[in-house]
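Novice: Pasting a structure here, questions to come.
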Amino acid sequence: MPRIINITLAGTTGIPGRNILAALLTYPPSSLTLSITVLKRTSDAAKPSDDPRPHTIYVDYTSPASLTSALTSTDVLISALHAEPAPYLDGILLSAAIEASGSVVRKARNKGPLIFISGYTLDVLHPSALAIANEQILGPKIDFARRLEREAEKGGIGYSTVVCAGFLDYILAKGYAGLDFPEKKARLFNKGEKGCTGCTLDFVGQCVVEIVRRWFDGSEEEVESVRNRRVRVAEVRYTGHELLELAQDITGERFDVEQVSTDELFAQGKESLERGEIDAAIGGFISKLAWDGEGAANLEQGLAFGLGRIERKSLRLIVEEAVEEVNAGSKFKGLGR
Ligand SMILES: NC(=O)c1ccc[n+]([C@@H]2O[C@H](COP(=O)([O-])OP(=O)(O)OC[C@H]3O[C@@H](n4cnc5c(N)ncnc54)[C@H](OP(=O)(O)O)[C@@H]3O)[C@@H](O)[C@H]2O)c1
Numbered sequence: 254m255p256r257i258i259n260i261t262l263a264g265t266t267g268i269p270g271r272n273i274l275a276a277l278l279t280y281p282p283s284s285l286t287l288s289i290t291v292l293k294r295t296s297d298a299a300k301p302s303d304d305p306r307p308h309t310i311y312v313d314y315t316s317p318a319s320l321t322s323a324l325t326s327t328d329v330l331i332s333a334l335h336a337e338p339a340p341y342l343d344g345i346l347l348s349a350a351i352e353a354s355g356s357v358v359r360k361a362r363n364k365g366p367l368i369f370i371s372g373y374t375l376d377v378l379h380p381s382a383l384a385i386a387n388e389q390i391l392g393p394k395i396d397f398a399r400r401l402e403r404e405a406e407k408g409g410i411g412y413s414t415v416v417c418a419g420f421l422d423y424i425l426a427k428g429y430a431g432l433d434f435p436e437k438k439a440r441l442f443n444k445g446e447k448g449c450t451g452c453t454l455d456f457v458g459q460c461v462v463e464i465v466r467r468w469f470d471g472s473e474e475e476v477e478s479v480r481n482r483r484v485r486v487a488e489v490r491y492t493g494h495e496l497l498e499l500a501q502d503i504t505g506e507r508f509d510v511e512q513v514s515t516d517e518l519f520a521q522g523k524e525s526l527e528r529g530e531i532d533a534a535i536g537g538f539i540s541k542l543a544w545d546g547e548g549a550a551n552l553e554q555g556l557a558f559g560l561g562r563i564e565r566k567s568l569r570l571i572v573e574e575a576v577e578e579v580n581a582g583s584k585f586k587g588l589g590r
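Just so we're aligned, residue 254 is where the sequence shown starts under this note's numbering, counting upward by one.
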């Protein structure tokens, strides 16, 4: 009889959350049955559900007590909450998960520690990220990453952090990768020479499912690869130059190219920070880490994650789909920053 794994997911209406939910709901028959519960904000109780299939619990993310009771039967808690409040809300979720993990009900059922899955960004513990982080930018994510390590060491929780760098389909469609498809303009960061890796949102969803499979149905080596780890995943590796070449080839048009240095963007980011313009500052800091090729967003070892189990799209297909997406009016409009 398949083993039932209770999964609770927070942030399912968001950018990665909806894809993670879709991937979990289509998990193929195996020795595991995934039973999915979705957390929603109490303030959203009146809104119609996106998907009637998963069981929904309405919670107040700022109330540890309401969260703990929602998590008592949970084996895996997946948080994909909005980036801005996430370090704070994930902190409360984590405390509630630890509380639920050690609950009498759970111990009576002989369950191991609850597993907390989160992340979905570049490697915030990479030296290049640590070197530029401050209290407002990356600092809260770094503190949260270190807290996960400490809590796992104490044994109250297990964790896997999905380190995936940019959602390439999303950043291409949003124009954040330097390509403006409608205007046929391109910004080449550092001459477009530096390598980085990226993932589509579908791929990230599949990676989360694979992490769950490894925890509960993996070989010893597979369990070790995700147990209390920052799991690097990558679908494709690319340079800005390759993106531009593909964009021009696919659209059949030449793009006007502007050369940009990530050090200049970083310097502008620091000036924005001094003026208190946080969104602009984040742009400068993240551009540096995303496009300088130093390693916070160049996760080459992630290219081997889940090989043979998770399908990878080619860079060409990802750019083709982004061009189609933009031409059709992007589904990402109104989502994210
Ligand atoms: N790597 C990349 O390129 C990339 C790009 C974008 C985002 N991300 C990451 O993906 C994660 C989520 O992305 P996002 O920041 O753009 O958020 P988002 O996906 O737009 O929102 C996530 C969800 O958080 C929930 N939520 C709970 N409390 C909230 C609150 N106080 N304010 C707003 N939303 C709240 C909402 O779900 P409910 O309505 O269901 O409660 C919302 O749909 C973050 O970790 C972010 O860093 C990565």
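No residue lacks a Cβ here, since even glycine has one placed at the ideal position from N, Cα and C.
Note that the structure is predicted; figures quoted are calculated from it, not measured.
Please tell me whether, using a cut-off of 6 Å, the distance from the CB of residue 503 to the nearest non-hydrogen atom of ligand 1 is below it.
Specialist: Position 250 of the sequence shown holds residue 503. Because no heavy atom of ligand 1 lies under 6 Å away, the Cβ of residue 503 does not count as near it: no.
Novice: Cβ atoms of residue 418 and residue 375: under 7 Å apart, would you say?
Specialist: Here residue 375 refers to the residue found at position 122 when the sequence shown is read from its first residue. Here residue 418 refers to the residue found at position 165 when the sequence shown is read from its first residue. Yes.
Novice: Where does the unbroken alpha helix (DSSP H) through residue 573 begin, and where does it stop?
Specialist: Mapped onto the sequence shown, residue 573 falls at position 320. Boundaries of the alpha helix (DSSP H) around residue 573: 568 to 581.
Novice: Within a Cβ cutoff of 7 Å, which residues of the same chain sit near residue 354, ignoring the five residues on either side of it in sequence?
Specialist: What you label residue 354 is simply residue 101 of the sequence shown in a count that begins at 1. Once the five neighbours on either side are set aside, the close Cβ partners of residue 354 are 366, 367, 409, 410.
Novice: Can you find at least 3 beta carbon pairs, one from the stretch 522 to 539 and one from the stretch 448 to 467, that sit closer than 8 Å?
Specialist: Contact between the stretch 522 to 539 and the stretch 448 to 467 is absent: fewer than 3 CB-CB pairs across the two stretches fall below 8 Å.
Novice: Determine, using beta carbons only, whether residue 476 and residue 464 come nearer to each other than 7 Å.
Specialist: Sequence index remark: in the sequence shown, residue 476 carries index 223 (1-based). Sequence index remark: in the sequence shown, residue 464 carries index 211 (1-based). The answer is no: Cβ separation not under 7 Å.
Novice: Give the secondary structure of residue 494 by DSSP, where H, G and I count as helix, E and B as strand, and everything else as coil.
Specialist: Here residue 494 refers to the residue found at position 241 of the sequence shown. Correct three-state label for residue 494: helix.
Novice: Could you give the distance in angstroms between the alpha-carbon of residue 547 and the alpha-carbon of residue 328?
Specialist: Counted from its first residue, the sequence shown places residue 547 at position 294. Counted from its first residue, the sequence shown places residue 328 at position 75. Between residue 547 and residue 328, the C-alpha separation is close to 36 Å.
Novice: Let me know the secondary structure DSSP gives residue 325 once reduced to three states.
Specialist: Locating residue 325 in the sequence shown gives position 72, where the first residue counts as 1. Of the three classes helix, strand and coil, the one that applies to residue 325 here is coil, per DSSP.
Novice: Does the contact criterion of 3 or more C-beta pairs under 8 Å hold for the stretch 337 to 344 versus the stretch 270 to 284?
Specialist: no
Novice: Determine, using beta carbons only, whether residue 443 comes closer than 7 Å to chain D.
Specialist: In the structure shown, chain D cannot be found, because there is only a single protein chain.
Novice: What alpha helix (DSSP H) runs, 4 residues minimum, are completely inside the stretch 408 to 473?
Specialist: 421 to 427, 454 to 470
Novice: What number of angstroms, rounded off, separates the C-alpha of residue 426 from the C-alpha of residue 399?
Specialist: If you number the sequence shown from 1, residue 426 lands on position 173. If you number the sequence shown from 1, residue 399 lands on position 146. Between residue 426 and residue 399, the C-alpha separation is close to 33 Å.
Novice: Would residue 290 pass as a contact of residue 308 if the rule is Cβ separation under 7 Å?
Specialist: Within the sequence shown, numbered from 1, the residue matching residue 290 stands at position 37. Within the sequence shown, numbered from 1, the residue matching residue 308 stands at position 55. Between residue 290 and residue 308, the C-beta spacing is below 7 Å.
Novice: At which residue ranges does the stretch 492 to 574 contain complete alpha helix (DSSP H) runs of 4 or more residues, listed in the order of the chain?
Specialist: 493 to 504, 515 to 527, 531 to 544
Novice: With distances taken Cα to Cα, identify the nearest neighbour of residue 348 among 361, 360, 357, 330.
Specialist: Here residue 348 refers to the residue found at position 95 when the sequence shown is read from its first residue. The shortest Cα separation from residue 348 among 361, 360, 357, 330 belongs to 330.
Novice: Tell me whether the stretch 381 to 399 and the stretch 421 to 436 touch, counting them as touching only if at least three CB pairs, one residue from each stretch, are closer than 8 Å.
Specialist: no
Novice: With DSSP as the reference, label residue 386 as helix, strand or coil.
Specialist: Counting from 1 along the sequence shown, the entry for residue 386 is found at position 133. Residue state for residue 386 is assigned as coil, using DSSP reduced to three classes.
Novice: Does the Cβ-Cβ distance between residue 449 and residue 551 come in under 7 Å?
Specialist: Within the sequence shown, the letter at position 196 stands for residue 449. Within the sequence shown, the letter at position 298 stands for residue 551. Cβ distance < 7 Å, so residue 449 and residue 551 count as in contact.
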